[in-house]
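Protein chains: 4
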Amino acid sequence: MTTQVTVWTEYREERSDPAVKAVYPDGIHAVIADGLRDSGFAVRTANLEEPEHGLTESVLAETDVLTWWGHVAHDEVDDAVVDRVQQRVLEGMGLIVLHSAHFSKIFRRLMGTSCNLKWREAEERERIWVVDPAHPIAAGLGESFVVEPEEMYGEHFDVPAPDALVLVGWFAGGEVFRSGCCYERGRGRVFYFQPGHETYPTYRQPVVQRVIANAVRWVGEVRFQPSTRTKDPSPTGWYLTPAPVAT
Amino acid sequence: MTTQVTVWTEYREERSDPAVKAVYPDGIHAVIADGLRDSGFAVRTANLEEPEHGLTESVLAETDVLTWWGHVAHDEVDDAVVDRVQQRVLEGMGLIVLHSAHFSKIFRRLMGTSCNLKWREAEERERIWVVDPAHPIAAGLGESFVVEPEEMYGEHFDVPAPDALVLVGWFAGGEVFRSGCCYERGRGRVFYFQPGHETYPTYRQPVVQRVIANAVRWVGEVRFQPSTRTKDPSPTGWYLTPAPVAT
Amino acid sequence: MTTQVTVWTEYREERSDPAVKAVYPDGIHAVIADGLRDSGFAVRTANLEEPEHGLTESVLAETDVLTWWGHVAHDEVDDAVVDRVQQRVLEGMGLIVLHSAHFSKIFRRLMGTSCNLKWREAEERERIWVVDPAHPIAAGLGESFVVEPEEMYGEHFDVPAPDALVLVGWFAGGEVFRSGCCYERGRGRVFYFQPGHETYPTYRQPVVQRVIANAVRWVGEVRFQPSTRTKDPSPTGWYLTPAPVAT
Amino acid sequence: MTTQVTVWTEYREERSDPAVKAVYPDGIHAVIADGLRDSGFAVRTANLEEPEHGLTESVLAETDVLTWWGHVAHDEVDDAVVDRVQQRVLEGMGLIVLHSAHFSKIFRRLMGTSCNLKWREAEERERIWVVDPAHPIAAGLGESFVVEPEEMYGEHFDVPAPDALVLVGWFAGGEVFRSGCCYERGRGRVFYFQPGHETYPTYRQPVVQRVIANAVRWVGEVRFQPSTRTKDPSPTGWYLTPAPVAT
Chain A
19 MTTQVTVWTE YREERSDPAV KAVYPDGIHA VIADGLRDSG FAVRTANLEE
69 PEHGLTESVL AETDVLTWWG HVAHDEVDDA VVDRVQQRVL EGMGLIVLHS
119 AHFSKIFRRL MGTSCNLKWR EAEERERIWV VDPAHPIAAG LGESFVVEPE
169 EMYGEHFDVP APDALVLVGW FAGGEVFRSG CCYERGRGRV FYFQPGHETY
219 PTYRQPVVQR VIANAVRWVG EVRFQPSTRT KDPSPTGWYL TPAPVAT
Chain B
19 MTTQVTVWTE YREERSDPAV KAVYPDGIHA VIADGLRDSG FAVRTANLEE
69 PEHGLTESVL AETDVLTWWG HVAHDEVDDA VVDRVQQRVL EGMGLIVLHS
119 AHFSKIFRRL MGTSCNLKWR EAEERERIWV VDPAHPIAAG LGESFVVEPE
169 EMYGEHFDVP APDALVLVGW FAGGEVFRSG CCYERGRGRV FYFQPGHETY
219 PTYRQPVVQR VIANAVRWVG EVRFQPSTRT KDPSPTGWYL TPAPVAT
Chain C
19 MTTQVTVWTE YREERSDPAV KAVYPDGIHA VIADGLRDSG FAVRTANLEE
69 PEHGLTESVL AETDVLTWWG HVAHDEVDDA VVDRVQQRVL EGMGLIVLHS
119 AHFSKIFRRL MGTSCNLKWR EAEERERIWV VDPAHPIAAG LGESFVVEPE
169 EMYGEHFDVP APDALVLVGW FAGGEVFRSG CCYERGRGRV FYFQPGHETY
219 PTYRQPVVQR VIANAVRWVG EVRFQPSTRT KDPSPTGWYL TPAPVAT
Chain D
19 MTTQVTVWTE YREERSDPAV KAVYPDGIHA VIADGLRDSG FAVRTANLEE
69 PEHGLTESVL AETDVLTWWG HVAHDEVDDA VVDRVQQRVL EGMGLIVLHS
119 AHFSKIFRRL MGTSCNLKWR EAEERERIWV VDPAHPIAAG LGESFVVEPE
169 EMYGEHFDVP APDALVLVGW FAGGEVFRSG CCYERGRGRV FYFQPGHETY
219 PTYRQPVVQR VIANAVRWVG EVRFQPSTRT KDPSPTGWYL TPAPVAT
């Protein structure tokens, strides 16, 4: 069954900022979506300006994996939509958080921390190293790859220790960053991937597209399982949940 | 320097429910606080009915470790207070989350998940096993201890995989539970400890008091370190590191 | 491509001990292998008495996943074979360690600890709980399942904290056990699964066969990737990367 | 009670290689030991040429924390001594593994992996970043520090994912490395710390001495607890718990 991906972006700077428009004339989402279609996924896009930011109950019900890119409008995302996305992740939807979306409401909600980091915009070389070569997200990447130019993101990155750390970035200016971090929250898997500054053509790089496609496969692997909890008194008396839990 | 502990409870059922009052006539907080004073900590208490629930900026500024017990009034806790406690944890304050506080706003905020579980109130025997005997929280516990009677809390417990799992509970009715879970969030340490039903004298048990005292030592060990980050807010309000650090 | 599984056992007590022979007349390996064939895997078996214990270089070269059951003859396993199996795991072969093989040389080698535990043979009921319901090894299991009778294995289990803890066992006599533990070692994945006493028909239970089949899929998922490291042995025998990669 | 540290080195290149002798005329162990004495620890040293490499039963019995530096003579370390050290770590002794000791028998024994890495000797600048600022080993370090010159150690480092990752190194040539890794094995804590090439005065740097002193405190924190296990060896030599603990 084809994995259904929804690519979400603000789609704002691509229309308002010439420097961004020059790199992503059809929007960042278009480039991410094309890369994923080339990898065989079924892809739709959604953005901030749409009603309910394009993330209605019915869209989420058909989404196996959601990718999220945001930058200047985190605060404009409606809390009710964040609640809905979080609930869907906890039920098993995969979530891929891209670059400046480290400060998105949904990522901070799932992490419980500030998600703060250091940054510098200096057209720098980044080399990203694979520190967990057997992880499915590292498939086909080799031992390292270069993204250049890229915005520097530096430690300390204020997130919980990842359940698996797959990628560590090296920046020419002297910093390192945990650039590929895996988490499980409820039944859902979450992957944070650091590259992707809006004025650099990062998402056009095949190796970056490969990481995102690998990540879609990995976070999308979870089967949505109906809860099997027994809600009736068991005849054996073994296992009894008499009433709704902890109301 | 003596660790400063603030013991927070709702302090409601102890006044309204005769069955609870019978077990904790002076409030659950009084028993927890006495146990911690016996272990040499400086202890104050706070509860829901106080202004700002007793957790003002100045109280938190003097608190190294906060213990939290709540049950029927999670929703009455003001979001601004939850924000403040979360911020203080991220800066390094220790937090111990007790029993039914698995559903507290502050715990769910720091975990990012539903924190749901199964339960049954049946005056059952619980045996708690140490699965990480070298962890400081396990000091002096032996390989297992009994809490009886206790309310059953059963898996699946919907929390992120703990950074360290110290205790696993066994219940006579057939369930298991991850009863002692360690987390790090920001610079703060968090410990969830499962026993403590309001109609059972759990917090009077010396071994339970020992676990809580051990946990105060462990979560309270973090030194509050001034951030070394260059704090020049950029025009966008983000942080800017003006020069490459590699030079 | 079909996953190639090699099912290894000592195949000794099934021939020498009537109580074991009664339950597994064709050997424990035959029952495990049949279950895996029913799940669509290509399966061969090997045992202690064969030359090189049936684990020659060529057999291992064709093995994606090795399952290991041992009990009374751990010390008879040749160290050279253990070296070879360890090397193959580090290159990416999956390993499933069953029941009393907690004390096998290969498991202790990969863990670095004593792998000691407590035990009691008393025809007890065990209930195994899923604590990580989104893990692939938990697929289709429901929230718990019963294995009865089973030998008690109890904490403390002296292994490193698992990279993922999937299953926790409850025993009627009062113990708990981390019954399903995931590890990554080198490029290989390792799964320890606790049930499987030789005088009980545990491996005939469909739910137990399901766990083992799920585990084969999970540990067998790793692609063997040729190392991309520059392989110029330096005079000391270490690896040398001749030129800085940043230029 | 003062923590008793034993500083172990090969003490060979300092006597045979003029380039090493020039930097460490009294041996690497002397510099490490002096730094630890300045931090208030009780320190003795031991080396390869001593009987039993200076690590007799009685020395280990009085050792809370062992630091290990080796390079050219890993294979000359007697397996019986490695067994003894491993056993002592599993009982609770702290172990700090320094630089090229990543290939020592004791570290590979405790990790279960090859512990391989990439390296280059080019008098490079290394900057080490703190990625877990609340960890006790990071106390007082600031957000990063420079070690220059240092030998490059690069990923992939073939070790199990650390229980806590505290430090990540950046090298001028383009590599990164997990430079400060925490493990728990049995009741013992293990810390691997990457800097320390024998021809560079790394161990004379105050910040490097600070990391090692912090690590001694952290790995030395474990209390040796007498096992509470019922120690009635059964006829098979396994442990027997004679009666169900639930009664």
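Chains as they are written, first to last, in our numbering: chain A, 19 to 265; chain B, 19 to 265; chain C, 19 to 265; chain D, 19 to 265.
All C-beta atoms in this analysis are idealised placements derived from N, C-alpha and C, irrespective of residue type, glycine included.
Reduced DSSP secondary structure (H/G/I, E/B, other) of residue i
| i | result |
| --- | --- |
| A:VAL225 | helix |
| C:PRO43 | coil |
| C:VAL237 | helix |
| C:ASN134 | coil |
| D:ALA182 | strand |
| A:SER197 | strand |
| B:PRO244 | The pLDDT assigned to B:PRO244 is 41, lower than 50, so where the model puts this residue is not dependable; a value taken from the coordinates is nonetheless given after this. The answer is coil: DSSP assigns B:PRO244 none of H, G, I, E or B. |
| D:VAL177 | coil |
| C:ARG55 | helix |
| C:VAL267 | For residue 267 of chain C there is no data in the structure shown, the boundaries of chain C being 19 and 265. |
| A:PRO213 | coil |
| D:ARG30 | coil |
| A:VAL149 | coil |
| C:ALA140 | strand |
| C:THR24 | strand |
| A:PRO36 | helix |
| A:PRO154 | helix |
Integer Cβ distance of residue i from residue j, believed to fall under 8 Å
| i | j | result |
| --- | --- | --- |
| B:ASN232 | B:ALA157 | 5 Å |
| C:GLY72 | C:ALA64 | 3 Å |
| C:VAL194 | B:TRP147 | 5 Å |
| C:GLU168 | C:HIS215 | 6 Å |
| A:PHE211 | A:ILE124 | Rounded, the Cβ-Cβ distance is 15 Å, inconsistent with contact. |
| D:THR81 | D:VAL234 | About 11 Å separates the two Cβ atoms, so there is no contact after all. |
| B:VAL23 | B:LEU54 | 5 Å |
| D:ALA179 | C:GLU202 | 7 Å |
| C:ARG30 | C:VAL90 | 6 Å |
| C:ARG176 | C:SER132 | A small fix is needed here, since residue 176 of chain C is Asp in this sequence, not Arg. Yes, C:ASP176 and C:SER132 are in contact; Cβ-Cβ is about 5 Å, under 8 Å. |
| C:LEU84 | D:GLY130 | At roughly 16 Å, the Cβ-Cβ gap does not stay under 8 Å, so C:LEU84 and D:GLY130 are not in contact. |
Residues that residue i contacts on chain E, provided the C-beta gap is smaller than 8 Å
| i | result |
| --- | --- |
| C:MET19 | Although the question refers to chain E, the structure presented lacks it and instead comprises the protein chains A, B, C and D. |
Chain B residues whose Cβ lies nearer than 9 Å to that of residue i
| i | result |
| --- | --- |
| C:ARG196 | VAL149, LEU183, VAL186 |
Chain-ordered chain A contacts of residue i [CB-CB under 8 Å]
| i | result |
| --- | --- |
| C:GLU239 | PRO154 |
Closer than 8 Å at the beta carbon, the chain B residues around residue i
| i | result |
| --- | --- |
| A:ALA64 | Here the premise fails: no neighbours, minimum Cβ distance about 22 Å. |
Contact set between residue i and chain C, taken where Cβ atoms lie within less than 7 Å
| i | result |
| --- | --- |
| B:ARG145 | GLY192 |
| D:THR131 | LEU108, ARG203, GLY204 |
Check: residue i C-beta below 8 Å from any heavy atom of the ligand NAD
| i | result |
| --- | --- |
| C:VAL25 | Absence of the ligand NAD is noted for the structure shown, with no ligands found whatsoever. |
Contact list for residue i against chain D, beta-carbon separation under 8 Å
| i | result |
| --- | --- |
| A:PRO161 | Before going on, a small fix: residue 161 of chain A reads as Glu here, not Pro. Per Cβ cutoff of 8 Å: GLU173, HIS174. |
For the region 78-93 of chain A, which residues have a CB atom closer than 7 Å to at least one CB atom of chain B, in sequence order? none
When Cβ atoms are compared, which residues of the region 196-218 of chain A fall closer than 9 Å to chain C? Residues of the region 196-218 of chain A with a C-beta atom less than 9 Å from some C-beta of chain C are GLU202, GLY204, ARG205, GLY206, ARG207, listed in chain order.
Ignoring anything shorter than 4 residues, give me the alpha helix (DSSP H) runs that lie fully in the region 60-129 of chain A, in order along the chain. 75-79, 97-109, 123-129
Contact set between the region 95-129 of chain B and chain D, restricted to residues whose Cβ is under 7 Å from the partner: GLY110
Listed from N- to C-terminal order along the chain, which residues in the region 171-182 of chain B have their beta-carbon within a distance smaller than 8 Å of any beta-carbon of chain C? GLY172, GLU173, HIS174, PHE175, ALA179, ALA182
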